[in-house]
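Following: one structure in structure tokens, then a few remarks.
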Amino acid sequence: MNPYKILNIDDGAEKRDVVQAAALALRQRRYSAREVAMAQKELLHPVSSAAHQFLQVVELKPFMERVTLKYPKTPRLSDLKRLSIFDEAL
Amino acid sequence: MGKKKKKKGIPLDPAAILKKAEKFFQKGNYLLAGKEFEKLGALTGQKNFLEKIEICDKEIKKQDAGDLLKKARKIEKGGNPGAAVKCFEDAYEVLGEDWIREKIEQLRNVTSVLDVNRAAKDAEAAGDYLKAAGLYDRASADHETENMALQKAVCLVKAEAYVEAVSAFQNIAVKEPEHLYDFGFSLTKTGRYCDCLKLWEDIPSQDESFLEQKSLVCDLLVSDLYAAFERREDPERIYKEGKYLLDAGYESSALPLVIEQSVFAWIKTLWENEEYDTIWELLRRTSSAMEPALLPLYAKVCFKRAEQSGNHGEDLSMFWLSAVYSEDFESRFSETDECEQTRKLLIDWAEDLIKSSAQPDGEIAERVLAQWSLEKEMVVEIRGLVRKRKKSRLPVLTPRLAAQTGKSTEFLALIRKNRRFFKNREDYLRAGCCYSPIRESFYHLVGGEYEKAVQTLTVGESGDEFTDYARGRVFFAHGLLCLKRGAGPPDEYPGSMVALFETAPEYEKQFIAEALDAEGTNVLQRFEEALMNIHDRRASDALAEALSLVMSRRAVEMISQKLINEKVFSMRLKKALKINPENEHARGLLRDSESNLEMMALEKALDRYKMSSACKIVVESKSDVVREAFFEFFERIVAKIEEEMSSKSERIFYLKDIYKWCAKVDDDHDILYDIEELLEELEGTNIE
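Protein chains in written order, with this note's numbering: chain A, 2 to 91; chain B, 615 to 1302.
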């Protein structure tokens, strides 16, 4: 179960946001009332909330640093001409 | 020479003409037959020959049509399908056969293709490639000839209509280098550089201009990937096409970095789409040596995969436990308690996941669960050890992850240095086993796969305590399995057991308990042999007691199945008692057995009237049963002596004889008084 998905919130949500999201989720009826209640309970409890934050969220920004790119010198595509070396076989 | 006189005025004979006409008709010469019939009609004025004349006319036309067909075929072979069509058409008018109509249609098609082809070639020669392409298209659409389709595609390339050329080529199986080139060129012109390069791989040409153009396309692809990367677009394509370039030997300093970062961007999308298997594949493919920073990602992906499929428990335990004991994990919490509780909860979740996967395949799940438990214990031990040795910069890793990341040796050194840290010697040895090269075998053992454990036993350094311990444990478990199945254990078994029992005496107790629980002659025999072999090398009291008891139990099983006789039974019991004189089981049995033997000997002696021998047996016997049997024998004789013997003197003689034998055994036995009374009655005097 991914409570963030059920409540449609991100991992930084405050307790108040969790409660509001649960109310909205109940109205939307995309998940059962039991699932919504369980998701809310999980995120309101500090230990299970921390566990879900570990399990459900992947932090990949640290792996995506800025790269300075040096483009190769290339001709304009329009300047690329068809070679006739293969025409003899045609 | 005189002129032949013309026969004039000779009247024609209708019968002769009819005969001649019929002869021609029969022979199929309808032309002459027709003429004769006409002649006959004119001569006789009869109309009944008209039918024959019509038949002849029809047949003549048919013959002409046949000639036309021959001519048409000849013309067709000569390469003039247009002229052939005319002949076939004329023949069809007469014969009306379907195949001729089909042939005409076929030739008309060919003619039309040739016409279009000619027109297309003319257009091509005039440099009007679009027109030529259109004509080829018409021809290929009508007649589905691949060659036309290829010609059309080539003309589209020449006409610089690249998008159309690509779609034209896509429907054809392109094989020839010239076509591969044109297809690839069109792809490049439509921005599909990587697809172009893949196609051009099959062109063997080493022409300089071609190689140069290929290199330019590579550069174009790199520029395109860089631009997409900067726009943060389509990381999957950047990864796949960039990797293709690198694998093809393209040299660039930034490209590997772009690919690596694109992988993570792609993983982000895949994670959102819950495509965990693809992420796993990517992770395994991209980083052979796992970076510590990636550990949580590996762990989470393993968890999600296990959750989705119910499998992959082995990967989960390897990464999950390492991740939740990592420094990175602990750094998330300011409170130690919260950290510990969260860790415990995460471990419970993973354990529940592994347990729940027991449904489809219980055996695998049980093995994975056993290995999970071992790794769980190990990480706790190692964490304690790492914390104690603050100087150590080692991360807490499960044994398998330590092996994968090349850190096993460091862990092993840490364990060796801190022997006293462990609660007992076995905990120390177990930890050492897990982080040493013998680990694979040990894991199989823990997972209950004893045969695999034996197969994967590596030859460690001689005298290495962890290797010896693992070998002992593996042989212990495997050997026990063999013994319980009634089979012989491996040759190394006794030696390994002695070493293991020295190191960890609880295994000796376990082995003894198993031996004492053994049932069945065969299994008891295997345990007896194994105990004997081990006892010869390590003569402990416990082993002696067990061996003695197993021997006496086996002897009982054997005699009850009549596999041995009383004498062998007794010998075996004596042997068991020699090993352990305190074996009450053997002692009691031996008593009974000896009594049985004496009884047998007594019966034999009495049957043969070897009274001296019988007396000797009873005197020497400690068995009351033997003694009673002896006196009962004589009591029966005494009771029957009056019936059996009529002569008084004979009775006296026998009674005196019996008295003598009985007195030899017990001079105060009641039978003696009875005999005395009888003798008194018979003799009237006391025999003494």
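Where a beta carbon is used, it is the ideal one built from N, C-alpha and C, also for glycine.
- Message: Just to make sure I have the definition right: I need the residues of chain B whose C-beta is within less than 7 Å of the C-beta of P47/A. Which are they?
- Response: Under the 7 Å cutoff, chain B gives E952.
- Message: For R1186/B and L1130/B, I'd like the C-alpha separation in whole angstroms.
- Response: So the alpha carbons of these two residues sit roughly 17 Å apart.
- Task: Tell me whether Q29/A is buried or exposed, calling it buried when 16 or more other Cβ atoms sit within 10 Å of its Cβ.
- Result: A residue is called buried once 16 or more other Cβ atoms fall within 10 Å of its Cβ, and Q29/A, having fewer, is exposed.
- Message: Using CA atoms only, rank isn't needed, just tell me which of A775/B, K685/B and D681/B is closest to S79/A.
- Response: In this structure, A775/B is the residue among A775/B, K685/B and D681/B with its C-alpha nearest to the C-alpha of S79/A.
- Message: For G623/B and K653/B, I'd like the C-alpha separation in whole angstroms.
- Response: Caution is warranted here: a pLDDT of 48 is assigned to G623/B, below 50, making its placement in the model unreliable, and the coordinate value is therefore given only provisionally. About 16 Å.
- Message: I'd like to know if the stretch 1136 to 1144 of chain B and the stretch 1102 to 1118 of chain B are in contact, where contact means that at least 3 CB-CB pairs between them fall below 8 Å.
- Response: Contact between the stretch 1136 to 1144 of chain B and the stretch 1102 to 1118 of chain B is present, because at least three Cβ pairs lie under 8 Å.
- Whole angstroms is fine: what's the gap from V1252/B's alpha carbon to C1276/B's? Going from the Cα of V1252/B to the Cα of C1276/B covers about 12 Å.
- Can the beta-carbon of W986/B be found closer than 8 Å to that of E954/B? Against a cut-off of 8 Å, the Cβ pair of E954/B and W986/B comes out as no contact.
- When we look at the beta-carbon of R806/B and count the other beta-carbons within 10 Å, is it buried (16 or more) or exposed? Buried: at least 16 other Cβ atoms inside 10 Å.
- Message: Beta-carbon within less than 6 Å of D751/B's beta-carbon, same chain only, minus the 5 sequence neighbours each way: which residues are those?
- Response: Taken in chain order, the residues that qualify are K766.
- In its own chain, which residues sit with a C-beta less than 8 Å from the C-beta of M1259/B, not counting the 5 before and 5 after it? Around M1259/B: R1265 and Y1268.
- Message: Among the candidates C1229/B, A1215/B, A1219/B and K1236/B, whose CA atom is the shortest distance from the CA of R1205/B?
- Response: The option with the nearest alpha carbon to R1205/B is K1236/B.
- Any C-beta of chain A sitting closer than 8 Å to the C-beta of K914/B? Under the 8 Å criterion on CB atoms, K914/B is classed as interfacial with respect to chain A.
- Query: Can you list, in chain order, the stretches of the alpha helix (DSSP H) that have 4 or more residues and sit fully within the stretch 787 to 867 of chain B?
  - Reply: Counting whole runs of 4 or more residues, the stretch 787 to 867 of chain B contains the alpha helix (DSSP H) stretches 791 to 803, 807 to 814, 822 to 844 and 849 to 861.
- Could you have a look at E1290/B and say whether DSSP puts it in helix, strand or coil? DSSP places E1290/B within a helical segment (H, G or I) once states are collapsed to three.
- Sequence ranges, alpha helix (DSSP H) only - wholly within the stretch 1092 to 1118 of chain B, length at least 4: Here the runs fully enclosed are 1107 to 1117.
- Message: Please state the DSSP three-state secondary structure of L78/A.
- Response: The three-state secondary structure of L78/A, taken from DSSP, is helix.
- To the nearest angstrom, how far is it from the Cα of S49/A to the Cα of R946/B? Their Cα atoms are separated by approximately 14 Å.
- Item | 8 Å Cβ cutoff met for V836/B and S866/B | Yes, the pair counts as a contact, with Cβ atoms nearer than the cut-off.
- Query: Given 8 Å as the limit, is there contact between the stretch 719 to 736 of chain B and the stretch 689 to 699 of chain B, that is, 3 or more CB pairs closer than that?
  - Reply: The answer is yes - the stretch 689 to 699 of chain B touches the stretch 719 to 736 of chain B, with three or more Cβ pairs under 8 Å.
- Query: How would you list, in chain order, the residues of chain A whose beta-carbon sits under 7 Å from the beta-carbon of W885/B?
  - Reply: Within 7 Å Cβ-Cβ: V59.
- Message: Buried or exposed, going by whether 16 or more other CB atoms sit within 10 Å of the CB of D1221/B?
- Response: Exposed, since its Cβ has fewer than 16 Cβ neighbours within 10 Å.
- Kindly indicate if chain A contains any beta-carbon less than 8 Å away from that of S1050/B. When Cβ-Cβ separations below 8 Å define contact, S1050/B makes no contact with chain A.
- Query: Are any of the Cβ atoms in chain A nearer than 8 Å to that of D809/B?
  - Reply: It does not; no Cβ of chain A falls within 8 Å.
- Roughly how far, in whole angstroms, is the beta-carbon of M992/B from the beta-carbon of A1045/B, given that I think they are within contact range, below 8 Å? Your pair M992/B and A1045/B checks out as a contact, with CB atoms roughly 6 Å apart and the cut at 8 Å.
- Query: Of the residues E665/B, W814/B, L825/B and A841/B, which one's Cα is nearest the Cα of V872/B?
  - Reply: If you compare the alpha carbons of E665/B, W814/B, L825/B and A841/B with that of V872/B, the shortest gap goes to A841/B.
- Task: Determine the contact status of T1117/B and L1071/B, defining contact as a CB-CB distance below 8 Å.
- Result: No; because the gap between Cβ atoms is not below 8 Å, this pair is not in contact.
- Query: Between N1147/B and N1136/B, what straight-line distance do the alpha-carbon atoms span, to the nearest angstrom?
  - Reply: Rounded to whole angstroms, N1147/B to N1136/B spans 17 Å at the Cα level.
- Query: Using the rule of at least 16 other Cβ atoms within 10 Å of the residue's Cβ for burial, across every protein chain shown, is G856/B buried or exposed?
  - Reply: Buried, since its Cβ has 16 or more Cβ neighbours within 10 Å.
- Within 10 angstroms of the Cβ of Y72/A, are there 16 or more other Cβ atoms? Answer buried if so, exposed if not. Exposed, because fewer than 16 other Cβ atoms sit within 10 Å of the Cβ of Y72/A.
- Task: May I ask you to report which of helix, strand or coil DSSP gives R1265/B?
- Result: Reduced to three states, the DSSP call for R1265/B is helix.
- Message: On the CB-based measure, 16 or more other CB atoms within 10 Å of its CB, does P870/B come out buried or exposed?
- Response: Residue burial is scored here from C-beta neighbours: P870/B has fewer than 16 other C-beta atoms within 10 angstroms and is therefore classed as exposed.
- Task: Can you say whether Y1223/B is buried or exposed, counting buried as having 16 or more other CB atoms within 10 angstroms of its CB?
- Result: Burial call: exposed.
- Along chain B, which residues have their Cβ under 9 Å away from the Cβ of A22/A? Against chain B, the beta carbon of A22/A has no neighbour under 9 Å; the closest one sits roughly 18 Å away.
- Task: Under 9 Å between beta-carbons, which chain A residues line up against Y795/B? List them in chain order, please.
- Result: By Cβ distance, chain A contributes R83, L84, I86 and F87.
- Message: Using 8 Å as the cut-off, can you tell me whether the stretch 919 to 932 of chain B makes contact with the stretch 52 to 69 of chain A, which would need three or more C-beta pairs spanning the two stretches below that distance?
- Response: Using a Cβ-Cβ distance cut-off of 8 Å, the stretch 919 to 932 of chain B and the stretch 52 to 69 of chain A are not in contact, since fewer than three pairs of beta carbons, one from each stretch, lie closer than that value.
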